[in-house]
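Written out below as structure tokens is the structure these notes cover.
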Amino acid sequence: EPEVTQTPSHQVTQMGQEVILRCVPISNHLYFYWYRQILGQKVEFLVSFYNNEISEKSEIFDDQFSVERPDGSNFTLKIRSTKLEDSAMYFCASKRLGQGSYEQYFGPGTRLTVT
Amino acid sequence: AQSVTQPDIHITVSEGASLELRCNYSYGATPYLFWYVQSPGQGLQLLLKYFSGDTLVQGIKGFEAEFKRSQSSFNLRKPSVHWSDAAEYFCASGSNFGNEKLTFGTGTRLTIIP
Chain A
1 EPEVTQTPSH
11 QVTQMGQEVI
21 LRCVPISNHL
31 YFYWYRQILG
41 QKVEFLVSFY
51 NNEISEKSEI
61 FDDQFSVERP
71 DGSNFTLKIR
81 STKLEDSAMY
91 FCASKRLGQG
101 SYEQYFGPGT
111 RLTVT
Chain B
1 AQSVTQPDIH
11 ITVSEGASLE
21 LRCNYSYGAT
31 PYLFWYVQSP
41 GQGLQLLLKY
51 FSGDTLVQGI
61 KGFEAEFKRS
71 QSSFNLRKPS
81 VHWSDAAEYF
91 CASGSNFGNE
101 KLTFGTGTRL
111 TIIP
């Protein structure tokens, strides 16, 4: 069964550094999402992406964040200058287009630790 | 805006006992509702989903959930829990409008005692 994959599984970075989190969505999916989960808290929406542009973003997704689909398979989340409070688990999700396309499929997550 | 409430932060159940995890949603129309499970250090696995039709939905691992519009609830149930069910459970709502995001509840941590 096709899966969403994410790399790396764990990233440690110093405050102020740039990080790029990578996701490979399921191949025939056209909607892409990033969510994050701070330790012990609920999963929060960051951004959705469709047709090569951002569809919706949350208040968390400020100018330090950006997303890109650099080729036909990868979907990336970049944090330009990380802060301690960016430490979290980041989940990528994808969803197909069309009738009955209600379900988002989640990747295993990337744990980002900012020191 | 949609919101999802899971009133129980932590529930402890004996192995073999029945389980019910509560979820309430707030949404103007009929939402699409989901239950996800997260084992420690793992990602989110979909247990079951409700879109329309039969209000009692069956999922994986022996779980079921019932949509009750009058109570704005979508409670998760299992008749007999196993030690492997110990995990964090998240209720989420969404819609069919394009690429609508999911809104998650705060989660319920389930502990199983022998």
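From first to last, the protein sequence lines are chains A and B.
Residue numbers for the first sequence follow the numbering used here, so the first one is 1 and each next one is one higher.
Residue numbers for the second sequence follow the numbering used here, so the first one is 1 and each next one is one higher.
Where a beta carbon is used, it is the ideal one built from N, C-alpha and C, also for glycine.
query	result
Assumed close pair A:Leu39, A:Lys57 - CB separation to whole angstroms, cut-off 8 Å	23 Å between Cβ atoms; not a contact.
Which of helix, strand or coil DSSP assigns to B:Gln71	helix
Alpha-carbon to alpha-carbon, A:Lys78 and A:Val12	14 Å
Inter-stretch contact at 8 Å, needing at least 3 Cβ pairs: the segment 103 to 112 of chain B / the segment 51 to 62 of chain B	no
Residue-chain proximity (B:Thr106, chain C), Cβ-Cβ < 8 Å	Within the model displayed, chain C is absent; protein chains A and B are what it includes.
B:Gly94, DSSP secondary structure in three states	strand
Separation of B:Asn75 from A:Glu18, as counted between CA atoms	41 Å
Host beta strand (DSSP E) of B:Gln38 (start-end)	Tyr32 to Gln38
8 Å Cβ cut-off: residues of chain A touching B:Gln49	The question names Gln, but residue 49 of chain B is Lys in the sequence shown. The contacting residues are Tyr102 and Glu103.
Close beta carbons around B:Leu56, own chain, < 7 Å, minus the five adjacent residues each side	Glu64 and Glu66
Assigned exposure category for B:Pro79 - 16 Cβ within 10 Å defines buried	exposed
Check whether B:Thr120 and B:Gln2 have beta carbons under 8 Å apart	Nothing in the structure corresponds to residue 120 of chain B, since chain B is present only between 1 and 114.
Per-residue burial, B:Trp35 [other beta carbons within 10 Å of its own, 16 or more giving buried]	buried
Contained beta strand (DSSP E) runs [length at least 3] in the segment 36 to 94 of chain A, N- to C-terminal order	43 to 50, 53 to 57, 65 to 68 and 75 to 79
Within 8 Å, strictly: CB atoms of A:Phe91 and A:Arg69	no
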